[in-house]
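For reference, the structure is listed below as structure tokens.
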Amino acid sequence: MEPQVLIAWEFSERPHYERGLLWYGISAGLGIALLIYAVATANFLFALLILLFALVIYLNAAAEPRVLRMAITERGIQIGREFLPFSSIESFRVVYEPPVVQSVYLRTRDLFKGEVGIDLSDVLPEEIRPILGRFLKEDRINTQPTASDFIGRFLKL
0 MEPQVLIAWE
10 FSERPHYERG
20 LLWYGISAGL
30 GIALLIYAVA
40 TANFLFALLI
50 LLFALVIYLN
60 AAAEPRVLRM
70 AITERGIQIG
80 REFLPFSSIE
90 SFRVVYEPPV
100 VQSVYLRTRD
110 LFKGEVGIDL
120 SDVLPEEIRP
130 ILGRFLKEDR
140 INTQPTASDF
150 IGRFLKL
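Under numbering that gives the first Met the number 0, think of the first position of the sequence shown as 0, with each following residue one higher.
Shown next as structure tokens:
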């Protein structure tokens, strides 16, 4: 028997940033400068890391972000193909500061997964708080986005 879906929406797996010529110029200049420094100091592992980082940024920018379906059910949360039972989630928090941040963060009990951030898209916090509150405790103290989200938004990564 399929669990009943209480609320569902679609969201982009990551933000799509418009990067201008200035962004690419500064990034390329910084990358080349770091690469020259790495070679000049014979730190070839650092040079390899710079090249790998540049490749990851390029591949990330070239690929369109997937659209995932988020569904809160009676048994847990379905994010795309991944299912998180409520027993694997410690708490949730909502960060809602439109148009910059509109996300719900799920703090999992999994050490390697940590916090999972989900874009709310057009869903209002008032719609999901009571639903999630039936199964999980809400962290109302920490209302800021994660540091990695902030840095990613600032650097357009």
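Where a beta carbon is used, it is the ideal one built from N, C-alpha and C, also for glycine. Computed from a predicted structure; not experimentally measured.
Can you tell me which residues form a DSSP beta bridge with T107?
I88
Residues in the same chain with beta-carbon distance under 6 Å from V122, minus the five sequence neighbours each way, listed in chain order, please.
So the qualifying residues of the chain are W8.
Can you give me the start and stop residues for the beta strand (DSSP E) that V4 sits inside?
4 to 11
When DSSP labels each residue in this structure, what does S102 get in the three-state scheme?
It is a strand residue.
Among R133, Q77, E126, which residue has its Cα nearest to the Cα of V115?
Q77
Can you tell me which of the three DSSP states L119 falls into?
coil
Step through the CB atoms of chain B and report whether any lies within less than 9 Å of the CB of E81.
The displayed structure is made up of one protein chain only, and chain B is not part of it.
For D118, count the other beta carbons within 10 Å of its own beta carbon; 16 or more makes it buried, fewer makes it exposed. Which is it?
buried
Output the distance between the C-alpha atoms of E81 and L156, rounded to the nearest integer angstrom.
Approximately 24 Å, taken between the alpha carbons.
Can you check which of these residues, L51, S102, S120, V4, is closest to T142 by C-alpha distance?
For T142, the closest alpha carbon among the candidates L51, S102, S120, V4 is that of S102.
Quick check on the burial criterion: 16 or more other C-beta atoms within 10 angstroms. Buried or exposed for R92?
buried
So for R128, helix, strand or coil by DSSP?
R128 falls in the helix class under three-state DSSP.
Unbroken beta strand (DSSP E) runs of length 3 or more, entirely within the stretch 16 to 99: which are they?
66 to 72, 75 to 78, 81 to 84, 88 to 96
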